[in-house]
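Have a look at the structure below, then the notes.
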Amino acid sequence: MTLQPGKCYENAYRMMTGYGDDRGPLCRLEENIGGEVLLVHGYPKLTMGPHKGRVYGHAWLHLVKLGQVVDGGCGCLADVGLYYQVGQIKTEQCRSYCRAGAKQQYEDTGSYGPWGDVPEGALFEETIEAS
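Just so you know, we're using this note's numbering here: the sequence shown kicks off at 2 and counts up by one.
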């Protein structure tokens, strides 16, 4: 799967669910490690540039049993604690979805995300690129 720059919500969704089938690329990993894979929408804080200090909408996968995340933007694997610490991510602003829940959200909204409440002033890729 080729990740699309600026499309973290779509990338993360497709990594989890696949392309129109029930077997996303991480299904086999989930089966092999015997753990849960969750799609997470959250709001890391920008640490440099003209929007430094503001949060932005982002999506990633949480490999629960491994304690790792797969970033929806770059596909990088990182320790979940470090990822949240570096991104200054507030867990109360995150929403997690199992595969069935993510598919239902997509069917209901026709969007890859974000789904649910968005923090006031949150930026998204289009806003950041336009500056």
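C-beta atoms are modelled at their ideal positions from N, C-alpha and C, and glycine is treated no differently. Quick caveat: nothing in here was measured; it's all calculated off a predicted structure.
Among the options, nearest to residue i - alpha-carbon criterion
| i | options | result |
| --- | --- | --- |
| LYS8 | ARG100, GLY50, GLY58 | GLY58 |
| GLY88 | ARG100, GLY117, ALA60 | ALA60 |
| ASP80 | LYS66, MET16, MET17 | LYS66 |
With 16 other Cβ atoms within 10 Å as the buried cut-off, status of residue i
| i | result |
| --- | --- |
| GLN106 | buried |
| PRO45 | buried |
| VAL71 | buried |
Span of the alpha helix (DSSP H) around residue i
| i | result |
| --- | --- |
| ARG15 | 9-18 |
Delimiting residues of the beta strand (DSSP E) encompassing residue i
| i | result |
| --- | --- |
| VAL38 | 38-43 |
Residues of its chain near residue i, where Cβ-Cβ distance is below 8 Å and the 5 sequence neighbours each way are ignored
| i | result |
| --- | --- |
| CYS95 | VAL41, HIS42, GLY43, TYR44 |
Nearest-angstrom Cα separation, counted from residue j out to residue i
| i | j | result |
| --- | --- | --- |
| LEU115 | ARG55 | As written in the sequence, residue 115 is Pro, which differs from the Leu given in the question. Straight-line Cα distance between these residues: approximately 17 Å. |
| VAL119 | GLY111 | 17 Å |
Same chain only: Cβ atoms within 6 Å of residue i, ignoring 5 sequence neighbours per side
| i | result |
| --- | --- |
| GLU11 | TYR113 |
Contact set for residue i: own chain, Cβ-Cβ below 7 Å, skip 5 residues either direction
| i | result |
| --- | --- |
| LEU78 | GLN69, VAL71 |
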